[in-house]
Every structure is written in C-alpha cells, then in structure tokens.
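Student: Residue numbers (my numbering): 5 to 327.
Here it is, written out as structure tokens:
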C-alpha cells in the first residue's frame with residue numbers, strides 16, 4: 005500500500021514536471037512569436053517610412069519638373085500668337101542631314117515648332133485652325149517623317165502634334181487626312197520603344213478609323229480595312245494590344261481599332277478573335293459607363309458577322325443594345 009502511494013506520488017510529480025516543461029515551451033514559443041511580430045512590425049514601419057520618404061522625394065521632383073514645364077509653357081505661349089503654318093511645314097520638311105550636332109539642331113527646331121502647335125490646339129475644338137494645318141503641308145511633312153526616319157529619332161512631339169490634329173475635331177476635319185495615306189507611317193511607329201509614341205500613334209489611327217466608321221453604312225465592312233491590312237497593320241495593332249508595357253487605355257483603344265476594322269467581317273485569326281472579344285466583354289462586365297459604351301459599340305460591330313457573334317455569345321453572353 006505504501007509502495008503504491010509512493011508510485012502515485014512519483015507519477016504525479018513526473019506529470020507535473022512534464023506539464024511544467026510543456027508550459028515553459030509554450031511560453032517560450034509565445035515570446036518568440038511576439039518578438040517576431042514586433043520585429044516584423046518594426047520592419048513594416050521602417051518600410052513605410054522609407055516609402056513615405058521616397059514618395060515625398062518623388063513629389064518634390066515632380067513639382068520642380070512641373071514648375072519648369074509651366075515656365076516653358078509661358079515662354080512658348082508668347083510665341084504662339086502669330087504662327088506661320090507654311091514656315092512650320094518647311095521646317096518639318098527639312099531632312100536630318102549634316103554633322104550629328106547639326107542634325108540635333110534641326111530636330112530640336114522641329115520639335116519646338118510642334119510644341120507651339122500642341123500648346124495652341126491641345127484640348128481646344130478649332131476645326132478651322134486644324135483644317136489650315138492640314139492644308140499647310142504640316143500633316144504631309146509629319147507623315148513623311150514617320151515613314152522614312154528611324155524610330156529612335158521620331159520623338160513624342162511629332163506624333164503628339166499629329167494626334168492633336170485629329171482631336172478634338174469633327175469627322176469633316178479628320179477625313180481629309182485619309183487621302184494623304186497616313187496608315188503606313190502610323191503603323192511604322194507602333195513598334196516604337198517609347199510607349200508614349202506608340203500610344204499617340206494608335207490613338208491617331210483610332211480617331212481616323214472611328215470617323216470613317218461613323219460616315220459609312222453601319223452594316224457594311226470598314227472602308228479602310230484593305231489599306232491597313234495591306235501593310236500588315238492589323239497584326240501590328242494586335243501586337244500593340246499584347247504589349248506588356250502598354251497602359252489599360254491604349255490596350256482598350258487597340259481592341260476598339262480591331263472592332264472598327266472587322267465590322268461585319270470575320271476575325272480569321274483565332275487568337276486575335278478570342279483575346280479581343282474577351283477583352284471587350286470584360287470591359288462591359290466591369291460596367292464603367294464611358295468605357296462600357298465604346299466596348300458595346302465595338303462588339304455590336306463585330307457581331308454583324310455570324311462567326312464573331314458565336315464567339316461573343318459563348319457562355320451565354322448577350323450583346324447589349326447599343327443605345
């Protein structure tokens with residue numbers, strides 16, 4: 005009996021010791037976890053402080069850049085009161101020849117002249133002014149630059165000016181550009197490494213395509229399909245759509261260009277058909293009003309072809325009314 009009591013006492017003591025060990029291990033783990041959490045929180049705070057410092061530095065740099073830009077605009081505005089369009093056209097027609105320094109001087113002068121017109125017309129509806137630009141030879145000179153120069157010397161001011169000539173303006177202003185055969189030159193610069201240059205090129209193409217869509221029978225194929233297809237423009241537009249560095253807006257515009265070009269016409273490239281239609285449907289499902297409206301119009305144009313419509317209506321998708 006005495007032996008059993010002693011054995012019970014011993015077993016209880018062993019259990020107590022084990023329980024104590026478990027408790028101590030648990031408390032140790034708790035302290036370790038708490039320390040890890042504390043260290044992580046410290047690291048997080050330091051990262052946040054570093055990010056705040058970076059953001060503040062970035063804001064300061066942007067503010068300095070903005071002030072410099074605004075000062076330049078004020079200087080440029082002084083020079084935009086009396087613009088000689090014929091003279092600008094002559095300057096833009098100058099080839100880049102001579103020494104490297106001379107070529108750089110010619111390019112700088114051309115870019116400065118482009119900026120004058122950008123400042124004067126950006127965001128301003130002036131059909132008469134834009135028509136004067138088109139008739140002055142400036143558009144012809146820009147098209148020649150895009151078509152003949154290597155991409156590394158085609159800078160943003162050239163294509164930005166071309167884009168601003170196409171918007172904001174009426175269809176009657178955009179359509180006189182068409183006989184000048186702008187598509188081969190615009191398609192050439194879609195491959196530009198500067199995504200801003202490529203963006204303005206695809207936007208310019210979209211503006212001209214949309215103008216022709218709106219001024220031709222709505223159930224017919226697009227009148228500019230052959231002009232763009234003949235210089236591999238459709239594949240180039242699709243490559244812009246697939247670029248990893250392109251913004252959402254430019255990607256949508258590229259998809260809508262395809263929507264214009266394949267109005268009432270089958271998209272025979274199965275990858276293009278699948279990806280473009282899926283992208284337009286995705287925009288509609290997000291239900292962002294302005295983007296949704298344009299995507300609906302693009303799908304309705306594509307749906308005029310039975311094969312395209314079958315792809316659009318997969319998974320029970322219904323093409324919304326274009327109203």
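Note that the Cβ used here is the ideal one computed from N, Cα and C, for glycine as well. Fair warning: this is a prediction, and the values are worked out from it, not measured in the lab.
1. Tell whether a beta-carbon distance below 8 Å holds between residue 137 and residue 89.
2. Alpha carbon to alpha carbon, what distance is there between residue 250 and residue 325?
3. Exposed or buried, what is residue 31 when buried is set at 16 or more other beta-carbons lying within 10 Å of its beta-carbon?
4. So, for residue 227: in the same chain, excluding its five sequence neighbours on each side, which residues have a beta-carbon less than 6 Å away from its beta-carbon?
5. Between the Cα of residue 114 and those of 95, 103, 101, 104, spot the shortest distance and give me the residue it belongs to.
6. Measuring straight from C-alpha to C-alpha, what distance separates residue 286 and residue 210?
7. Tell me the start and end of each unbroken alpha helix (DSSP H) in the region 213-253 that is at least 4 residues and wholly inside, in chain order.
8. Is residue 190 near residue 208, with beta carbons less than 8 Å apart?
9. Reducing DSSP to helix, strand and coil, say where residue 185 ends up.
10. Note down the Cα distance separating residue 299 from residue 187, rounded to an integer number of angstroms.
11. Could you compute how far the alpha carbon of residue 134 sits from the alpha carbon of residue 58?
12. Can you find the residues in the same chain that come closer than 7 Å, C-beta to C-beta, to residue 307, ignoring five residues on each side of it along the sequence?
13. For residue 106, count the other beta carbons within 10 Å of its own beta carbon; 16 or more makes it buried, fewer makes it exposed. Which is it?
14. Apply the 10 Å Cβ neighbour rule to residue 301 and answer buried if 16 or more other Cβ atoms are within range, or exposed otherwise.
15. Closest to residue 167 by C-alpha separation, out of 125, 152, 283, 184, would be which residue?
16. With a Cβ-Cβ cutoff of 8 Å, do residue 98 and residue 87 count as a contact?
17. Is it the case that the Cβ atoms of residue 160 and residue 117 are separated by a distance below 8 Å?
18. Distance check for residue 181 and residue 151, CA to CA, integer angstroms please.
19. Below 7 Å, is the gap between the Cβ of residue 109 and the nearest heavy atom of the ligand SAM?
20. Using a Cβ-Cβ cut-off of 7 Å (strictly less than) and excluding sequence neighbours within five positions of residue 297, which residues of its own chain qualify?
21. With distances taken between CB atoms, is the gap from residue 203 to residue 143 smaller than 8 Å?
22. Measure the C-alpha to C-alpha separation of residue 145 and residue 51 and round it to an integer number of angstroms.
Tutor: In terms of the structure at hand:
1. In this structure, the beta-carbon distance from residue 137 to residue 89 falls below 8 Å.
2. If I take the Cα positions, the gap works out to 30 Å.
3. Exposed is the call here.
4. Here residue 227 has 216, 220 as same chain residues with Cβ atoms under 6 Å from its own Cβ, once five neighbours each way along the sequence are excluded.
5. Ranking 95, 103, 101, 104 by Cα distance to residue 114 puts 95 first.
6. Each residue's alpha carbon lies about 20 Å from the other.
7. The alpha helix (DSSP H) runs lying completely inside the region 213-253 and spanning 4 residues or more are 229-233, 237-246, given in chain order.
8. Their beta carbons are under 8 Å apart, which means residue 190 touches residue 208 by this criterion.
9. Three-state result, residue 185: coil.
10. Taking the straight line joining both Cα atoms gives about 23 Å.
11. For the pair residue 134 and residue 58, the Cα-to-Cα distance works out to about 43 Å.
12. Closer than 7 Å at Cβ, skipping near neighbours: 313, 316, 323.
13. Taking a 10 Å sphere around the C-beta of residue 106, we find fewer than 16 other C-beta atoms and assign the residue as exposed.
14. Residue 301 should be labelled buried.
15. Comparing C-alpha distances from residue 167 to each of 125, 152, 283, 184 shows the shortest one belongs to 125.
16. No, they are not a contact pair.
17. Their beta carbons are not under 8 Å apart, which means residue 160 does not touch residue 117 by this criterion.
18. If you take the alpha carbons of residue 151 and residue 181, they lie about 15 Å apart.
19. With respect to the ligand SAM, the structure shown offers nothing to examine, as it has no ligands at all.
20. Once the five neighbours on either side are set aside, residue 297 has no close Cβ partner at all.
21. Contact: no.
22. Cα-Cα distance, rounded: 51 Å.
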